[in-house]
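First to last, the sequence lines map onto chains A and B.
Numbering follows the numbering used here, with no gaps: position 80 of the first sequence is 80.
Numbering follows the numbering used here, with no gaps: position 19 of the second sequence is 1019.
Where is the CB? At the ideal position from N, CA and C, for every residue including glycine.
Keep in mind it's a predicted model, so treat the numbers as computed, not measured.
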Amino acid sequence: DAGVIQSPRHEVTEMGQEVTLRCKPISGHNSLFWYRQTMMRGLELLIYFNNNVPIDDSGMPEDRFSAKMPNASFSTLKIQPSEPRDSAVYFCASSAPSGGLDEQFFGPGTRLTVL
Amino acid sequence: GDSVTQMEGPVTLSEEAFLTINCTYTATGYPSLFWYVQYPGEGLQLLLKATKADDKGSNKGFEATYRKETTSFHLEKGSVQVSDSAVYFCAPPFTAGNMLTFGGGTRLMVKP
């Protein structure tokens, strides 16, 4: 079975540009998570979707960040405009519904560099 | 709020040494607890889990027991290998309303 798929794997852009990161969760999973990982802050949860609906976006750092999940098999995380401090590895993860017992399955991540 | 605390790294060991990475939690009880591992350049993956108190999870020579009396879920391995070098994260299951972050994890470096 295919795991969580993220694209692109690497993105280099210039400050002020729009960046869109993409995620395809595992089929049948109804929860989707976007994380950001940096050396300074570790792995931070940005936003959580359940059944395609954003449930909690309190981890989103600024209004420049937005996330959508138009259907059960696709989600995007957009940064507009991007800034150098947004440079990080962004992970998408999904999990199946099971009353809190299930693990999260992580994608390989997108390494974003904003110059 | 509820939280999980694990020891800070890096932990540096020689090959075949015994490993313990401490993890404690503050909640009255989680339905399950997990250890995830992140190898260089990859996303996190589940290493092992325990689904109830006193349950022991094990995988790849690693073990952890969910102990309610000490509110702990310490990760252990009797003989580490260079290939175990990675970052290890202790975590409870995600629950809505508790935007848990995994934090920095514990970096393990095993030298030949």
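Strictly under 8 Å for the Cβ-Cβ distance: is proline 1093 of chain B near chain A by that measure? Taking the first residue of the second sequence as 1, we reach residue 1093 of chain B at position 93. It does: the Cβ of proline 1093 of chain B has a partner Cβ on chain A nearer than 8 Å.
Rounded to a whole number of angstroms, what is the C-alpha to C-alpha distance between lysine 1060 of chain B and aspartate 1084 of chain B? As a working note, residue 1060 of chain B is residue 60 in the second sequence. As a working note, residue 1084 of chain B is residue 84 in the second sequence. One C-alpha to the other measures close to 10 Å.
For proline 108 of chain A, return the contacting residues in chain B, with the cut-off set at a CB-CB distance below 9 Å. By one-based count along the first sequence, residue 108 of chain A stands at place 108. Gly1041, Glu1042, Gly1043, listed in chain order.
Are there three or more Cβ pairs, one per stretch, closer than 8 Å when the region 57-69 of chain A is compared with the region 10-18 of chain A? no
Using the Cβ count rule (16 or more neighbours within 10 Å means buried), how would you classify glutamate 103 of chain A? The residue you call residue 103 of chain A lines up with position 103 of the first sequence. Glutamate 103 of chain A is buried by the Cβ-count criterion.
Please confirm if glycine 1075 of chain B has its CB atom under 8 Å from at least one CB of chain A. Here residue 1075 of chain B corresponds to residue number 75 of the second sequence, with the count starting at 1. A small fix is needed here, since residue 1075 of chain B is leucine in this sequence, not glycine. No, its Cβ sits nowhere closer than 8 Å to a Cβ of chain A.
Got a sec? Which residues, its chain only, sit under 6 Å from proline 1010 of chain B by beta carbon, not counting five neighbours each side? In the second sequence, residue 1010 of chain B corresponds to position 10, counting from 1. Closer than 6 Å at Cβ, skipping near neighbours: Arg1107, Met1109.
Closer than 7 Å by beta-carbon distance: list the chain A residues that pair up with lysine 1049 of chain B, in chain order. Locating residue 1049 of chain B in the second sequence gives position 49, where the first residue counts as 1. The answer, in chain order, is Glu103.
Give the residues from the region 22-46 of chain A that approach chain B closer than 7 Å (Cβ to any Cβ), ordered along the chain. Gly42, Leu43, Glu44, Leu45
Counterpart residues of glycine 42 of chain A in DSSP-defined beta bridges: Locating residue 42 of chain A in the first sequence gives position 42, where the first residue counts as 1. Answer is A:Thr38.
What do you reckon, are the CB atoms on arginine 111 of chain A and histidine 10 of chain A nearer than 8 Å? Within the first sequence, residue 111 of chain A is the residue found at index 111, counting from 1. Within the first sequence, residue 10 of chain A is the residue found at index 10, counting from 1. Yes, they are a contact pair.
Starting from serine 1072 of chain B, follow its DSSP beta bridges and name the residues at the other end. As a position in the second sequence, residue 1072 of chain B is number 72, starting the count at 1. The partner list for serine 1072 of chain B (beta bridge, DSSP) reads B:Thr1024, B:Arg1067.
Measuring CA to CA, which of B:Leu1075, B:Asp1054, B:Ala1053, B:Tyr1039 is closest to threonine 1005 of chain B? Your numbering for residue 1005 of chain B matches position 5 in the second sequence. Nearest option by C-alpha distance: B:Leu1075.
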